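So the protein lines, in turn, are chains A and B. Taking my numbering, the leading residue of the first sequence gets 123, the next gets one more, and so forth. Taking my numbering, the leading residue of the second sequence gets 123, the next gets one more, and so forth. The C-beta atom is built at its ideal place from N, Cα and C for all residues, glycine as well. Given the structure is predicted, the values throughout are model-derived calculations rather than measurements. One structure is given below, encoded as structure tokens.
Number of protein chains: 2
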Amino acid sequence: MALTGAYKIVLFVGGVGGAKLAYGLSKLLPPDRLTIVVNVGDDFWHLGLRICPDADTVLYTLAGRVDSANGWGVANDTSQVLTALADIGGETWFRIGDADLATHLTRTDRLRRGARPTEVATELCAVMGVEYALLPVTDESVPTIVDTKEKGRLSFQSYFVANRWQPTVTAIGYEGADGASVTREVGDAIDQADAIIIAPSNPWLSIAPMLAVGDLRARLLARDVPRIAMSPIIGGRAVKGPAAKLMRELGLEVSAASVADYYGDLLNGFVDDVVNPPFEHDGLKIARMDTMMPDGEARIRVAQSLLEWLES
Amino acid sequence: MALTGAYKIVLFVGGVGGAKLAYGLSKLLPPDRLTIVVNVGDDFWHLGLRICPDADTVLYTLAGRVDSANGWGVANDTSQVLTALADIGGETWFRIGDADLATHLTRTDRLRRGARPTEVATELCAVMGVEYALLPVTDESVPTIVDTKEKGRLSFQSYFVANRWQPTVTAIGYEGADGASVTREVGDAIDQADAIIIAPSNPWLSIAPMLAVGDLRARLLARDVPRIAMSPIIGGRAVKGPAAKLMRELGLEVSAASVADYYGDLLNGFVDDVVNPPFEHDGLKIARMDTMMPDGEARIRVAQSLLEWLES
């Protein structure tokens, strides 16, 4: 398939890694040609607030507000509220900056008043000047649950933040995903997509929680368009986060080939990093390029290479 | 009645004025002899948070954390979250400092998890080192509603904060108060009280919302103990807030006598300020003293005078 200019892309993302590619693509495509679908498996209630870590990371990244040292949170944020919470014995294991808190307050208030998560996400984009559609994959609650050897069953943030993803994972569940549905907005975007891209996010913790929602996987398979994932493994490691550690714990080889295996027939294309050992899979077109995205320039360059390959 | 040392006092308070007397009494009486019952008519939901302005004012005052310039809020608080909210177009008309927000987050989280307002108030006292019982008059929601000439019907905070109590009040309602009940804790405290004191808070906006709750007025009347109010009017003015303006709008003379009239047979004693013109009411013992409480020392002095009169 040759994409001839006016094509539409749907990008599936988790947090930091996905946000980088979303940022790069947003600098090359106009808003009507890029829809970003974000994982909600990390979303949780904390201190009475609805917190959506992946959506916020993408939001702050696209808004140019992200703390580039961490990859998440708001740049130059303060932590007055956390300090005050600590003073009165409150929970501070989940670091929320003051500006970040303003986002959670706004979201929680709107949700409590009956707005859909999709509407709230759109409103937050608007107030932060983000013109791209940033859509939660579903408006329902589908929390990722992590079974671990040392600590038993953990909520995602308990595993990821409170326990710094150190426990050994034995299984991962996507609670309620089976019975949940993708939103109308996400469904429409998929139906109209000329290409579907899966960001180099953690396949098990960021992408699988989306693929587990209702009939999403079948809906994607039904689209005869490029369905491409970018490898989150570069040189035998995850750029950030627990992907490589998790693969070992799940008994998998830590490689791009393992990732491609995991996605299986969902993909007809794969973007691998040049430093990885080449591999071949039946029915899979594989592009090899430098996919490291340490800064804004690199993100645009990677997005450019991806789009050029798509158009070729 | 002569109080002989081990007497128990129940003090009914609103916000700033009531907090001052509560502070003074707390410096003279041990925790088992002072129960503070606080107005909840001002409580409201804002930004998804449950905010209890009167309770917080008393809490911060007793904890030695209050901003003494305003009389409410936390001393030396910052406003990082409000600034961030303003950046994303959020509501900032109700000023919430960052440390104050930590209180609201803690309260809201506990309420959302099913705790009673009374339990949460007790927990907040504990974490802030306040040993006195600070009890919401009811665990139910009984919002004060203000009818105004210029702006129609307003929620209390809309009248009080957003409109800076400038609209002309035509009527005041205590929504749901009739069908609500005082808590078991408040009922027990009243039953065991050797004296009932109504702080120099706004009779219509701080005290009446409590008296309107269920059978509270009847329960107080049933107690054959000193039932004393302290005048919120000193020298024809309210020390703070809209009491005097409100009295004019309700067609009342702005005087301590009007306040005593308003409380009616609920009282058998009244503490008037020395600068007010003396008045007499059938069945009402009236003490005259300096009741201005500009600082901590004055609060203790006024509380001391009140206790001495009670014991005499």
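From A:P399, A:D164 and A:V160, pick the residue whose C-alpha is nearest to that of A:L436; which is it?
-> Outside the displayed range of chain A (123 to 434) lies residue 436 of chain A, so it cannot be described from this structure.
A:W326, buried or exposed, once every other Cβ within 10 Å from all chains shown has been counted against 16 = By the 10 Å Cβ count, A:W326 comes out buried.
Just to check, is the beta-carbon of A:W326 closer than 7 Å to a non-hydrogen atom of the ligand SAM?
-> With respect to small molecules bound, the structure shown includes none, and the ligand SAM cannot be examined in it.
Measuring only between beta-carbons, confirm whether A:Q202 sits less than 8 Å from chain B.
-> By this cut-off, A:Q202 is an interface position.
Kindly say whether A:V249, judged by its beta-carbon, lies nearer than 8 Å to any beta-carbon of chain B.
-> Output row for A:V249: interface = yes.
Within 10 angstroms of its Cβ, does A:Q288 collect 16 or more other Cβ (buried), or is it exposed?
-> By the neighbour-count definition (other C-beta atoms within 10 Å, threshold 16), A:Q288 is an exposed residue.
Near B:Q314, what residues of its chain come up, given a Cβ to Cβ distance below 8 Å and the 5 sequence neighbours on each side ignored?
-> Residues K130 of the same chain have their beta carbon placed closer than 8 Å to that of B:Q314, with the five preceding and five following residues left out of the count.
Beta-carbon neighbours of B:D189, restricted to chain A and to distances below 9 Å | By Cβ distance, chain A contributes nothing, its closest Cβ being about 14 Å from B:D189, past 9 Å.
Take the Cβ of B:W215 as the centre, count every other Cβ of all protein chains shown within 10 Å, and call the residue buried at 16 or more, exposed below.
-> Around the C-beta of B:W215, fewer than 16 other C-beta atoms lie within 10 Å, and the residue is accordingly described as exposed.
What separation, rounded to the nearest whole angstrom, lies between the Cα atoms of B:G386 and B:F166?
-> So the two alpha carbons sit approximately 30 Å from each other.
Measuring CA to CA, which of A:I294, A:W194, A:T305 and A:G405 is closest to A:P239?
-> For A:P239, the nearest C-alpha among the options comes from A:T305.
What are the boundary residues of the beta strand (DSSP E) that A:K407 is part of?
-> Per DSSP, the continuous beta strand (DSSP E) segment holding A:K407 begins and ends at K407 to M411.
Short CB-CB distance (under 8 Å) between A:T266 and chain B | For A:T266, the answer is no, since every Cβ of chain B falls outside 8 Å of its Cβ.
Counting only the same chain and skipping the five closest in sequence on each side, list residues whose C-beta sits under 6 Å from that of B:A365.
-> Taken in chain order, the residues that qualify are N324 and P354.
Sufficient close CB pairs (3 or more, under 8 Å) joining the segment 370-383 of chain A to the segment 279-296 of chain A = By the criterion of at least three beta-carbon pairs nearer than 8 Å, the segment 370-383 of chain A is in contact with the segment 279-296 of chain A.
So, A:A224 versus A:T183, is the Cβ gap smaller than 8 Å?
-> Their beta carbons are not under 8 Å apart, which means A:A224 does not touch A:T183 by this criterion.
B:P348 burial status per 10 Å Cβ neighbour count (16 or more: buried) = B:P348 is buried by the Cβ-count criterion.
Burial state of A:G397 (16 or more Cβ within 10 Å) = In the sequence as presented, Gly is not what sits at residue 397 of chain A; that position holds Val. That one is exposed.
Within the chosen definition, does the segment 166-178 of chain A reach the segment 132-143 of chain B through at least 3 CB pairs nearer than 8 Å?
-> These segments do not touch.
Exposed or buried, which one is A:T290 when buried takes at least 16 other CB atoms within 10 Å?
-> Flag for A:T290 reads exposed.
May I have a chain-ordered list of the alpha helix (DSSP H) segments no shorter than 4 residues that lie completely inside the segment 145-212 of chain B?
-> Counting only unbroken stretches of 4 or more residues, the alpha helix (DSSP H) elements lying wholly within the segment 145-212 of chain B are 175-184 and 202-209, in sequence order.
Amino acids of chain B, ordered along the chain, whose beta-carbon sits closer than 7 Å to that of A:D231 | Within 7 Å Cβ-Cβ: L169 and G170.
is_contact[B:G195, chain A] using C-beta, thresh 8 Å | Taking CB atoms only, B:G195 has no neighbour in chain A less than 8 Å away.
Along the chain, which unbroken stretches of the beta strand (DSSP E) at least 3 residues long are found entirely within the segment 293-368 of chain B?
-> Listed in chain order, they are 317-320 and 349-352.
With a cut-off of 8 Å on the beta carbons, I'd call A:V259 and A:V308 a contact; round off their distance for me.
-> A:V308 and A:V259 do touch by the CB rule: their CB atoms are close to 6 Å apart, below 8 Å.
For A:L492 and chain B, any beta-carbon pair shorter than 8 Å?
-> Since the first and last residues shown for chain A are 123 and 434, residue 492 of chain A lies out of range.
Would you list the one or two residues that DSSP bridges to A:I267?
-> A:I267 is bridged to A:S277 and A:G295.
DSSP three-state call for A:P258: helix, strand or coil?
-> If DSSP states are grouped into helix, strand and coil, A:P258 belongs with the strands.
Min CB distance A:G212 to chain B below 8 Å = Output row for A:G212: interface = yes.
Is the CB-CB distance between A:A185 and A:G251 below 8 Å?
-> Against a cut-off of 8 Å, the Cβ pair of A:G251 and A:A185 comes out as a contact.
Just the Cα atoms here: how many angstroms apart are A:I356 and A:P265?
-> Their Cα atoms are separated by approximately 28 Å.
Identify every residue that forms a DSSP beta bridge with A:L133.
-> Answer is A:I158 and A:I319.
Determine the burial state of B:R187: buried for a count of at least 16 other Cβ atoms within 10 Å of its Cβ, exposed for fewer.
-> When all chains shown are included, B:R187 counts as buried.
A:T228 touches chain B at which residues, Cβ-Cβ below 8 Å?
-> Think of a sphere of 8 Å around the beta carbon of A:T228: the chain B residues whose beta carbon falls inside it are L169, L207, I210 and G212, in chain order.
Cβ pair A:L227, B:G170 closer than 8 Å | Cβ distance < 8 Å, so A:L227 and B:G170 count as in contact.
Kindly say whether B:A243, judged by its beta-carbon, lies nearer than 8 Å to any beta-carbon of chain A.
-> Chain A, which has no Cβ nearer than 8 Å to the Cβ of B:A243, makes this no.
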